[in-house]
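Notes follow once the structure below has been shown.
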Amino acid sequence: IGCTYVVVPYLPEEFRHLAPNFGKAIGEIARIGKVVVENGLALLYHNHDFEFVRLADGSYGLDDIYRRIPADLLQAEPDTCWIEVAGQDPSAFIKKYSGRCPIVHLKDYIKKGNPKNLYKLIGIDSEESKKDTGFFEFRPVGFGQQIWEPVLEASLEAGAEWVVVEQDEHYDLSSLECAKRSREYL
């Protein structure tokens, strides 16, 4: 059908770093990467904020994934929103993996305070908490709090083939209106 890329979109909690099944997940991603490459495609990993867990050696879980699985089997598909939500600089991350980021997800958002249930917005419910003292909402690119010029420059420098707008929720605007605003901003 003309697709070049296959993406690992998300890891459930039991397959993440520090969980008992993480080794299984890494093995399966590497196995799938080999099959994908043998068939002329590329496998990418789409991050969220939870991959920025600190490991015993001080590195991040996401860096560990890319250390364990070589670039010829696994490329990066950085999600700028989740990188920034994790307290990291999206443009620095993209530059760090230069040559390994063929697609960069541009996702804008507003975050205030200390929201606890960020994944409820993408259909993953967790228990409501009285400690949820914040606000989080996805926005069209250019209508949130991200600064885009450094991200776009880093994407070009890193050799990204595509920057893809991803907006998980659209709230009071239609999805097509959000897409239009993102496109016009870019």
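With the sequence shown counted from 1, adding 10 to any position gets you my numbering.
Glycine included, C-beta positions come from ideal geometry on N, C-alpha and C.
Excluding residues up to 5 positions away in sequence, 115, 117 lie with their Cβ nearer than 6 Å to the Cβ of residue 176 in the same chain. Counting only the Cα atoms, residue 153 lies some 35 Å from residue 28. For residue 53, the beta-bridge partners assigned by DSSP are 16. With respect to the 8 Å criterion, residue 161 and residue 101 are classified as neighbours on the basis of their beta carbons. Its Cα nearest to that of residue 196, the residue 163 stands out among 59, 83, 163, 182.
With a cut-off of 8 Å on Cβ pairs, the segment 40-59 is in contact with the segment 72-79, counting three or more such pairs. Contact between residue 87 and residue 16 does not hold, since the beta-carbon distance rounds to 10 Å and is not under 8 Å. Looking at the backbone, the Cα of residue 19 and that of residue 54 are separated by about 9 Å.
Taking all protein chains shown into account, residue 64 has fewer than 16 neighbouring C-beta atoms within 10 Å of its C-beta and is therefore exposed.
Beta-bridge partners assigned by DSSP to residue 121: 146.
Annotated three-state conformation of residue 128 is helix, per DSSP.
DSSP, reduced to helix, strand and coil, places residue 170 outside both helices and strands of the structure shown, so it counts as coil. Proximity to residue 172 across 51, 112, 36 peaks at 112, based on C-alpha coordinates. One alpha carbon belongs to residue 73, the other to residue 85, and they sit about 12 Å apart.
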